[in-house]
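To keep things clear, I will list the structure first and then write my remarks on it.
In my numbering, the protein residues as written are 176 to 300.
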């Protein structure tokens with residue numbers, strides 16, 4: 176069975192690139208554009224991985240991450256956070272909130288897909 180990924184990204188061009196990269200690797204994708212829609216989607220059908228932008232309209236990626244990590248029903252959901260603010264402080268903040276991994280934008284496609292594979296399969300495909 177294919178692993179499911181929820182892409183939470185408000186920028187269409189980035190979401191299209193992620194869709195192309197991850198579908199090619201056999202993952203099933205859903206996409207939402209806001210934190211509120213992400214929380215609704217996560218609770219309707221918990222994905223295997225949430226690819227989560229930090230800067231979203233309304234509810235931020237931090238708030239989504241905090242909510243997912245506080246829900247026992249989502250304990251096995253992996254979270255990969257992305258942000259254009261790619262410094263060490265931002266990375267530490269994401270990881271301290273419960274993200275499993277962090278990718279800075281603009282991202283290397285190889286690094287991103289390797290990170291997704293590692294989180295979902297235990298190693299790069």
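Here a beta-carbon is modelled for each residue, glycine too, at the ideal position from N, C-alpha and C.
Residue state for residue 248 is assigned as helix, using DSSP reduced to three classes. Spanning the alpha carbons of residue 220 and residue 181 requires a straight line of approximately 10 Å. At least 9 Å separates the beta-carbon of residue 227 from that of residue 208.
Partner residues in the beta bridge of residue 206, as assigned by DSSP, are 182. Using a Cβ distance threshold of 9 Å, residue 201 and residue 177 count as a contacting pair. If you draw a 10 Å sphere on the C-beta of residue 187, you find fewer than 16 other C-beta atoms in it, and that means exposed.
Between the region 188-196 and the region 267-276 there are fewer than three C-beta pairs closer than 8 Å, too few to call the two in contact.
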